[in-house]
Each structure stands twice: as structure tokens, then as C-alpha cells.
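Novice: Residue numbers (our numbering): 28 to 269.
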Amino acid sequence: MSRAPHNRQIDIRAAMSGFSLLEMALALVILSLMMGWLMTPLRVQHGLQKYQQTEQRLYVAQQALIGHAIIYHYLPCPDTDQPPDGWENVSANQSCAGDEGLLPWLQLGLVATDAWGRFFRYRADSTFTHHAQWFSVSAAENASNIQVSGDNGFVTSAPSRPAAIVLSHGENGLGGIQSVSGGQAHAMAAPTHSDELENADGDLAFVDKAQQQAAGAVFDDRLVMLSPKVLIQQMVQAQRLP
Ligand SMILES: [Ca+2]
Ligand SMILES: [Ca+2]
Numbered sequence: 028m029s030r031a032p033h034n035r036q037i038d039i040r041a042a043m044s045g046f047s048l049l050e051m052a053l054a055l056v057i058l059s060l061m062m063g064w065l066m067t068p069l070r071v072q073h074g075l076q077k078y079q080q081t082e083q084r085l086y087v088a089q090q091a092l093i094g095h096a097i098i099y100h101y102l103p104c105p106d107t108d109q110p111p112d113g114w115e116n117v118s119a120n121q122s123c124a125g126d127e128g129l130l131p132w133l134q135l136g137l138v139a140t141d142a143w144g145r146f147f148r149y150r151a152d153s154t155f156t157h158h159a160q161w162f163s164v165s166a167a168e169n170a171s172n173i174q175v176s177g178d179n180g181f182v183t184s185a186p187s188r189p190a191a192i193v194l195s196h197g198e199n200g201l202g203g204i205q206s207v208s209g210g211q212a213h214a215m216a217a218p219t220h221s222d223e224l225e226n227a228d229g230d231l232a233f234v235d236k237a238q239q240q241a242a243g244a245v246f247d248d249r250l251v252m253l254s255p256k257v258l259i260q261q262m263v264q265a266q267r268l269p
């Protein structure tokens with residue numbers, strides 16, 4: 028009987044240590060849940076930031092192309108070197124070595140890649156890139172054959188087809204070219220989404236749609252068009268076209 032208070036003390040201590048273990052476990056569960064809640068928006072936010080950064084770089088690229096045309100009377104040719112060197116490739120007759128390649132970033136004074144480290148794809152219509160036969164106001168209309176289709180099947184109308192497009196292959200980078208340190212580059216895997224395939228097949232058709240997922244394949248490309256009308260307007264304003 029004399030040991031009863033001591034036993035009770037042990038029981039209370041055991042109960043207390045049991046409680047604290049339970050509490051600790053609960054605290055850990057709550058903490059991990061909170062971390063999960065906190066981390067998910069951070070990841071999303073970080074991803075959004077990269078898209079915003081890429082869209083900003085695309086916008087600057089569009090402006091730099093206009094600036095280049097104001098200075099030289101033509102758009103730069105794509106960089107078609109492998110690995111790319113950031114400078115355009117022009118053939119002996121002063122036309123482009125290829126109508127599609129990478130944005131000649133060094134020539135335009137731009138950051139080399141999108142926010143994920145992949146070079147920007149660039150296609151320009153040959154009317155606007157010939158280095159000797161400069162395009163005129165009248166030649167700009169109906170000149171381009173670059174077609175861009177958007178959401179709901181919308182397609183750029185023939186007179187308003189872009190003089191050029193600049194494209195980021197998005198977060199997945201599929202169909203793009205990754206910049207590797209030391210001036211090297213490696214080709215990313217081919218896209219799986221049909222619209223992403225369209226943006227990577229090197230022809231005149233491109234797709235500019237909202238981000239989407241279809242049957243496990245993702246479309247996350249970003250694209251800017253350079254309207255010939257904007258180009259003409261800017262060049263006239265700069266008194267580089269009559
Ligand atoms: Ca993509
Ligand atoms: Ca295409």
C-alpha cells in the first residue's frame with residue numbers, strides 16, 4: 028500500500044510520455060501536411076515565373092527583330108549552325124541558308140534561351156529576310172506563308188500571316204534544343220502532343236494555343252508572331268520605308 032503513490036507517479040509519467048509521443052507524431056503529421064500545402068503553391072509559382080520570364084523574352088525578341096529591320100532593312104536569318112553560335116546563316120546570294128532555325132540571339136543582343144535553357148525556334152518569311160532585295164510596303168501584304176492556328180481552329184488570315192515567329196518549346200522542351208555549357212547543345216526528345224509536333228516539324232504551320240493536356244500528352248509551347256503590319260508601321264515611323 029505504501030508504494031501506491033510511487034506507482035501512480037510512474038503511471039502519470041508513462042501517460043505523459045505517451046502523450047508527448049502522440050503529440051509529437053501529430054505535430055509531425057500536421058507539419059508535413061503544412062509543408063505540402065506550402066510547397067505546392069511554391070512549385071506552381073516557380074513554374075509560372077518561368078513562363079512569365081519566357082514570355083517576356085519572347086516579347087523582347089519580337090521588339091529586337093523590329094529594331095534589326097529598322098537598322099538593316101531586313102529581318103535576320105535564322106541561326107542554322109550545329110551547335111548554334113547565335114549568329115544568322117546567310118547563303119552566297121544574300122538569302123537565308125534556311126528559313127527556320129534558331130533565333131540568332133547574339134546578333135540581336137538577347138539572352139540565348141528561354142527560362143528552361145532551350146534556344147528559341149525562329150522562322151522568318153524569305154520576303155523579309157533577303158539581305159539585298161529589301162521588302163517594300165506593297166510587298167509585305169500577302170507575302171508570308173507562315174500559318175499560325177490558335178484555339179478554336181482559328182488560323183491567321185492570308186494577308187496577315189506573320190513575317191516571322193519566335194517559339195519556346197515550353198517547360199517540357201520537347202522538339203527543342205537544350206543549351207549545354209561550353210557552347211554545346213543537345214536535341215530534346217520529340218513531342219508527343221500533335222500540336223507540339225506541328226511546332227517542331229520545320230514546316231510553315233505552327234500552333235499557338237493555351238496550355239493543355241490531351242491523352243497524357245502536354246501542349247505547353249509559347250509563341251510570338253511578328254505581324255508584317257506592325258513591322259511596316261514601325262519602319263515607316265522610323266522613316267526606313269517610304
Ligand atoms: Ca512543349
Ligand atoms: Ca509545323
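Glycine is no exception: its CB is placed at the ideal position from the N, C-alpha and C atoms.
1. In this structure, what does DSSP give as the bridge partners for I259?
2. Measuring straight from C-alpha to C-alpha, what distance separates F233 and G209?
3. Let me know the beta strand (DSSP E) ranges lying completely inside the stretch 183–220, each 3 residues or longer, listed in chain order.
4. Quick one: what's got a C-beta closer than 8 Å to I204's C-beta in the same chain, skipping five residues either side?
5. Considering only the alpha carbon of each residue, which of Q89, M61, E50 and G74 lies closest to L250?
6. For ligand 1, any of its heavy atoms closer than 6 Å to the Cβ of D247?
7. Does the beta-carbon distance from H220 to F181 come in below 7 Å?
8. Between the Cα of W161 and those of W132, S122 and N199, spot the shortest distance and give me the residue it belongs to.
9. Is E225 near ligand 3 - that is, is its Cβ less than 6 Å away from at least one heavy atom of it?
10. Going by DSSP in three states, A241 sits in which element: helix, strand or coil?
11. Using the three-state DSSP reduction, which class does L231 fall into: helix, strand or coil?
Specialist: Taking the coordinates as given:
1. As a first step, residue 259 is located in the sequence shown; it is residue number 232 there, counting from the start. Answer is none; I259 lacks a bridge partner.
2. Here residue 233 is taken as the residue at index 206 of the sequence shown, counted from 1. Here residue 209 is taken as the residue at index 182 of the sequence shown, counted from 1. Cα-Cα distance, rounded: 31 Å.
3. 191–195, 204–207 and 211–214
4. Position 177 of the sequence shown, counted from the first residue, corresponds to residue 204. P111, L129, R145, F146, A212, H213, A214 and M215, listed in sequence order.
5. For this step, residue 250 is matched to residue 223 along the sequence shown. Here the closest residue by C-alpha is Q89.
6. Translated into the one-based positions of the sequence shown, residue 247 becomes position 220. It does: the Cβ of D247 is within 6 Å (strictly closer) of some heavy atom of ligand 1.
7. The residue given as residue 220 occupies position 193 in the sequence shown. The residue given as residue 181 occupies position 154 in the sequence shown. Cβ distance not < 7 Å, so H220 and F181 don't count as in contact.
8. Here residue 161 refers to the residue found at position 134 when the sequence shown is read from its first residue. Answer by Cα proximity: S122.
9. The model on display carries ligand 1 and ligand 2 but not ligand 3.
10. The residue you call residue 241 lines up with position 214 of the sequence shown. Strand.
11. On the sequence shown, residue 231 is found 204 positions in, with the first residue counted as 1. Three-state result, L231: coil.
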